[in-house]
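In numbering that gives the first Met the number 0, the protein residues as written are 0 to 149. Note that beta-carbon positions come from the ideal geometry of N, C-alpha and C, so glycine has one too. Read the structure below first, then the notes.
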Amino acid sequence: MAIELDLLLEEVRALKLPAGEYVLAGSFPMGLAGLRAVNDVDVIVSDSLWEELIHRYSFEYNSVGALCIRIGHIEILNSWYGHKGNVSELIAQAQTVRELPVMPLEWVRQWKGFSGRPKDLADLELIDAHLASYLPRDTRSSIRPPEGCA
């Protein structure tokens, strides 16, 4: 079930996470770009913020077996699909959208292609059409996520 984007943004802001310590990822950047409805927010956090949060909230394993903290419609992680070492780079290179740090769509596209899940393959078409509408083809091929993230 899709959740209204503004409600998800309110949930993220209510956490009052420190700037420079997290990035909004997963399919949420697609929702912010108006590409499709979303029903949750994946938040990747720094190791130091993770250590603070696991003492405040309970944690569990998500559907792909990653340790996470769930708060409402938010899933907080300290790695991105096993690529723990590059979290600081993902955070540092986030784009600001609606005053929040967001994973660039080019990187969302990379991990969705890597994952190969049917829902992610469908999202590739939406992202490609969106990127094609504003990025020249030669520019799109040169945009890469941090080493080891795709």
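| Check | Outcome |
| --- | --- |
| Exposure label - Y60; buried when at least 16 CB within 10 Å | exposed |
| Inter-residue Cα distance where the pair is A65 and D39 | 16 angstroms |
| Cβ pair count under 8 angstroms reaching 3, the segment 113-122 against the segment 49-56 | no |
| Those residues which DSSP pairs with I2 across a bridge | Partner(s): none; I2 has no beta bridge. |
| Alpha-carbon spacing of A131 relative to L76, whole angstroms | 30 angstroms |
| Beta strand (DSSP E) segment containing E160, residue limits | Residue coverage of the chain in this structure runs from 0 to 149, which leaves residue 160 outside it and unanswerable. |
| Straight-line Cα distance separating S57 from G112 | 31 angstroms |
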